[in-house]
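Residues 63 to 476 (my numbering) are what the sequence shown spells out, left to right.
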Amino acid sequence: MKRIIRLLTFAAFATTFFACSGTQTQSAIPEDLKGTWSGIIDGLGLSIVMHLQDSCTLDSPDQGAYGLKANASMKGDNTLRVKFLDMPGSFTGSIQGDSLVGTFSQMTLKKRLALGRGEIVRNRPQTPEPPFPYDTDEVSFEHDGIVLGGTLATPHNCNPGETSAVVLVSGSGQQNRDEELMAHRPFAVIADALARNGIASLRYDDRGCGSSGGTFEEATTFDFADDARAAVHCLRERGFGKVGVIGHSEGGTIAFMLGADEDVAPDFIVSLAGMVDRGDSTLFRQVSRQIELQGAPKKLSGFAARVALRKMLKQKSVWMDCFIALDPAPFVAEVKCPFLALNGDKDTQVIPEFNLSKIESLCPAADCRLYPGLNHLFQHCTTGLTDEYARIEETISPEVLADIAEWISGRKAQ
Numbered sequence: 063m064k065r066i067i068r069l070l071t072f073a074a075f076a077t078t079f080f081a082c083s084g085t086q087t088q089s090a091i092p093e094d095l096k097g098t099w100s101g102i103i104d105g106l107g108l109s110i111v112m113h114l115q116d117s118c119t120l121d122s123p124d125q126g127a128y129g130l131k132a133n134a135s136m137k138g139d140n141t142l143r144v145k146f147l148d149m150p151g152s153f154t155g156s157i158q159g160d161s162l163v164g165t166f167s168q169m170t171l172k173k174r175l176a177l178g179r180g181e182i183v184r185n186r187p188q189t190p191e192p193p194f195p196y197d198t199d200e201v202s203f204e205h206d207g208i209v210l211g212g213t214l215a216t217p218h219n220c221n222p223g224e225t226s227a228v229v230l231v232s233g234s235g236q237q238n239r240d241e242e243l244m245a246h247r248p249f250a251v252i253a254d255a256l257a258r259n260g261i262a263s264l265r266y267d268d269r270g271c272g273s274s275g276g277t278f279e280e281a282t283t284f285d286f287a288d289d290a291r292a293a294v295h296c297l298r299e300r301g302f303g304k305v306g307v308i309g310h311s312e313g314g315t316i317a318f319m320l321g322a323d324e325d326v327a328p329d330f331i332v333s334l335a336g337m338v339d340r341g342d343s344t345l346f347r348q349v350s351r352q353i354e355l356q357g358a359p360k361k362l363s364g365f366a367a368r369v370a371l372r373k374m375l376k377q378k379s380v381w382m383d384c385f386i387a388l389d390p391a392p393f394v395a396e397v398k399c400p401f402l403a404l405n406g407d408k409d410t411q412v413i414p415e416f417n418l419s420k421i422e423s424l425c426p427a428a429d430c431r432l433y434p435g436l437n438h439l440f441q442h443c444t445t446g447l448t449d450e451y452a453r454i455e456e457t458i459s460p461e462v463l464a465d466i467a468e469w470i471s472g473r474k475a476q
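Here is the structure:
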């Protein structure tokens, strides 16, 4: 299960069923049902891909999960039942025209799911496509014996000494260098916008992902901060004039850590919805807000949030144990470099009215900006709930991209 802060909400907790393992059971699937089927769970926005042959596997592209095992069997002549292994959950449906239509169930949740032939292709118009008007190079750097691989994007014919560069630090959960989720590639979009404005960037795969070594499951936020430090040193060794850090979600918190670290001493930091409250309080606030927005009475949201969090926290891990006790506030108070902090006012993951006001009180010199109508991913949205993320074609607001590039360019002039 991905440990992405932006997905650690009541809705996502209730629907994250893709931790399946075990032995597949062979089932007699009719020939006319065999093949690949895909659809989106109504009301949740999560896409499901089902591969039916003599056995069944599931993909959840929006959560980065593939090849998950399930049992498929026929009930009567026309009803297909798919049971997820080692986790409560199932799909029951039948052929209706060209579609396989039925009900996705997990615990008390029941949602309509209509599957069509083939795989879903999400429209992501901001994802950059080659040829690029800038250079991209594969790079690697090492920390504590772990080699991390990434992409260095630089303006054409750039003179490193006269060029600002940034390290892009992703949110929690194992992600590739593009911070890819739900077919969105936010860091590829940000790197593209920066390079077009004369700013270099380094984005890298998380531990154990893509071309990076190491074991992700054994790492904490402090380990990921060490990886980001190594990335800063990588850029410094290449002679860039100014080196900063842009972090999203948990990556924003890591930007605070590096901004307070005199040994790293970045020239500037940018927080994209980085949390400033303790981890346990952040989780409680986000789950409470999500429950309220889904229609629960406010007086019940706190109780429901505590119940949901107790279930969530049973998923013991070294990362979670560290995260819930992590207090970023002391780091924010110690940031000495120029500091840009951004939030969308419909962010339901890192609650903006609390987050920005606390940053302002801890670090009065910070440039804090609130963007109307934007969610945790800085997409224009309706509710800010996580079920919108996949349905929204925009990856990140052009206004935010322009403001980041302009602000960094302003640091170069100083």
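The C-beta atom is built at its ideal place from N, Cα and C for all residues, glycine as well. These numbers were taken from a predicted model, which means no experiment stands behind them.
Of the listed residues the options, nearest to residue i (C-alpha basis)
| i | options | result |
| --- | --- | --- |
| Gln441 | Ile421, Val462, Lys131 | Val462 |
| Thr444 | Cys384, Gln348, Asp407 | Asp407 |
| Arg179 | Lys145, Gln158, Gly233, Lys420 | Gln158 |
| Gln352 | Pro92, Leu95, Gly223, Asn437 | Asn437 |
| Thr410 | Phe401, Pro359, Glu354 | Glu354 |
| Pro195 | Lys398, Pro217, Pro123 | Pro217 |
| Gly207 | Val163, Ala292, Ala255 | Ala292 |
| Gly211 | Met244, Gly276, Glu468, Glu455 | Gly276 |
| His310 | Gly272, Ser234, Glu204, Leu375 | Ser234 |
| Thr282 | Ser273, Glu312, Ala255 | Glu312 |
| Gly357 | Leu447, Ala427, Glu280, Pro92 | Leu447 |
| Gly472 | Asp429, Ser273, Thr213, Phe318 | Asp429 |
| Leu44 | Ser274, Tyr451, Asp325, Phe318 | Residue 44 falls outside the range modelled here, since the chain spans only 63 to 476, and no answer is possible. |
| Asp116 | Thr344, Lys378, Asp94, Val294 | Asp94 |
| Glu468 | Cys399, Ala255, Ile102 | Ala255 |
| Met169 | Lys145, Val183, Leu162 | Lys145 |
| Glu477 | Gln377, Asp104, Ile91 | Lying before the first or after the last residue shown, residue 477 is absent from the chain, which here runs from 63 to 476. |
| Thr457 | Asn140, Thr213, Met244, Cys220 | Met244 |
| Phe153 | Asn140, Met382, Lys172 | Lys172 |
| Glu299 | Asp139, Gly129, Ser202 | Ser202 |
| Leu439 | Ala391, Glu324, Phe249, His295 | Phe249 |
Cutoff 6 Å; reference residue i; Cβ partners in own chain excluding five residues on either side
| i | result |
| --- | --- |
| Ser89 | Note that Ser89 has pLDDT 45, beneath the 50 cutoff, so the model's placement of it is unreliable and no number is given. |
| Arg247 | Thr189, Asp240 |
| Arg258 | none |
| Thr87 | Residue placement at Thr87 is poorly supported in this model, since its pLDDT is 40, which falls under 50; the coordinates are not used for a value here. |
| Ile261 | Ser226, Ile470 |
| Phe72 | A caution first: Phe72 carries a pLDDT of 34, below 50, which makes its placement in the model too unreliable to give a value. |
| Gln237 | Asp268 |
| Gly223 | Gly301, Gly303 |
| Ile66 | Unreliable positioning characterises Ile66 in this predicted model, as indicated by a pLDDT of 33, which lies under 50. A coordinate reading is not provided. |
| Ile102 | Ser109 |
| Ser274 | Leu210, Gly211, Asp267 |
| Ala452 | Gly107, Asp124, Met244 |
| Cys271 | Gln236, Asn238 |
| Leu162 | Trp99, Gly155, Leu177 |
| Lys96 | Leu114, Gln115 |
Any non-hydrogen atom of the ligand SAM within 7 Å of residue i CB
| i | result |
| --- | --- |
| Phe385 | Summarising the ligand content, the structure contains no ligands, and the ligand SAM is consequently not present. |
DSSP beta-bridge partners of residue i
| i | result |
| --- | --- |
| Arg431 | Leu404 |
| His442 | Leu436 |
| Ile102 | Ser109 |
| Asp493 | As shown, the chain starts at 63 and ends at 476. That puts residue 493 outside it, with no answer to give. |
| Asn133 | Lys145 |
| Phe166 | Phe153, Lys173 |
| Asp121 | Val111 |
| Ile208 | His205 |
| Gly178 | Ser100 |
| Tyr451 | Paired residues: none, contrary to the question. |
| Ser161 | Gln158 |
Proximity below 8 Å, CB of residue i to CB of residue j
| i | j | result |
| --- | --- | --- |
| Leu404 | Ser333 | yes |
| Pro328 | Gly336 | no |
| Ile421 | Val394 | yes |
| Asp339 | Phe284 | no |
| Ser156 | Leu177 | no |
| Ile331 | Phe401 | yes |
| Leu108 | Ser122 | yes |
| Ile252 | Phe286 | no |
| Val307 | Val231 | yes |
Sequence-distant residues of its chain with Cβ nearer than 7 Å to residue i (five each side left out)
| i | result |
| --- | --- |
| Gly341 | Phe385, Ile386, Ala387, Leu388 |
| Leu297 | Ala227, Val229, Leu264, Val305 |
| Leu432 | Asn405, Asp407, Pro414, Leu418 |
| Glu455 | Asn185, Arg186, Pro187 |
| Ser363 | Ser350, Ile353, Glu354 |
Proximal residues to residue i (C-beta, below 8 Å), its chain only, five neighbours per side dropped
| i | result |
| --- | --- |
| Arg368 | Phe346 |
| Thr98 | Val111, Met112, His113, Leu114, Arg179, Gly180, Glu181 |
| Glu450 | Gly107, Asn437, Gln441, Cys443, Thr444 |
| Asp288 | His205, Asp206 |
| Pro92 | Met136 |
| Val397 | Phe318, Gly321, Ala322, Ile331, Cys425, Ala428 |
Entirely within the region 278-363 and at least 3 residues each: give me those beta strand (DSSP E) ranges in chain order. 304-310, 330-334
Residue ranges of each beta strand (DSSP E) within the region 226-264, 3 or longer: 226-231
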